[in-house]
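Chemist: One structure is given below, represented as structure tokens, and several questions about it will come after.
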Amino acid sequence: MFSQVDYVIIGVSDMARSVKFYHDTLGLLLKYETKEWTEFATDKTTLALHSGPKTARGEPGSGEIAAGKCSIGFVVPDIEESFRELQAKGVHFVMHPQQREGEGIKLAEFVDPDGLIISLSQAVERTEKAKIPAVSAS
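Numbering-wise, the sequence shown is residues 152 to 289 according to the numbering used here.
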């Protein structure tokens, strides 16, 4: 039924500040921009920013995603290089690159100007076999 995510919308409190972050800092290709709606091209999926009021949220960088909230992630070829480049641009990382046991990825997390968690991942060799729970035959 569904084969691909077409777009992801992120609510932002300050469009100009967020466009600067996603375009200038992260280097995303700008497709369309108004003061209420902006779109970036990210391969087959559009990343859109929608201007709106600031709402209550959990602590940025807690590593947890509350119900009704989201997080986005980008795949990068060299996470250490991406980490250094973004840190040099002043990006605030809440998780430095680290190998995820059994997942076959290295992962890092940072926050956007409104506190949205954004992850970077790089495929690596699995460190151990992921534990998959047994399925009951009932």
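Just so you know, even glycine gets a beta-carbon here, dropped at the ideal spot from N, CA and C.
Write down every uninterrupted run of the alpha helix (DSSP H) in the stretch 156–201 whose length is 4 residues or greater and which is fully enclosed by it, in chain order.
Modeler: For the stretch 156–201, whole alpha helix (DSSP H) runs of length 4 or above, ordered along the chain, are 166–170.
Chemist: Is Q250 closer than 8 angstroms to V275 when the C-beta atoms are compared?
Modeler: Going by C-beta atoms, V275 is nearer than 8 angstroms to Q250.
Chemist: By DSSP, does R251 sit in helix, in strand, or in coil?
Modeler: Residue state, collapsed to three classes: strand.
Chemist: Just verifying my parser: in three-state terms, what is the DSSP assignment at L267?
Modeler: Coil, per DSSP.
Chemist: By alpha-carbon positions, which one of V163, S154, E252 ends up nearest to C221?
Modeler: Ranking V163, S154, E252 by Cα distance to C221 puts V163 first.
Chemist: Alpha carbon to alpha carbon, what distance is there between R277 and G253?
Modeler: Whole-angstrom Cα-Cα distance: 5 angstroms.
Chemist: Closest to A199 by C-alpha separation, out of S272, G266, V242, V159, would be which residue?
Modeler: It is V159 whose Cα lies nearest to the Cα of A199.
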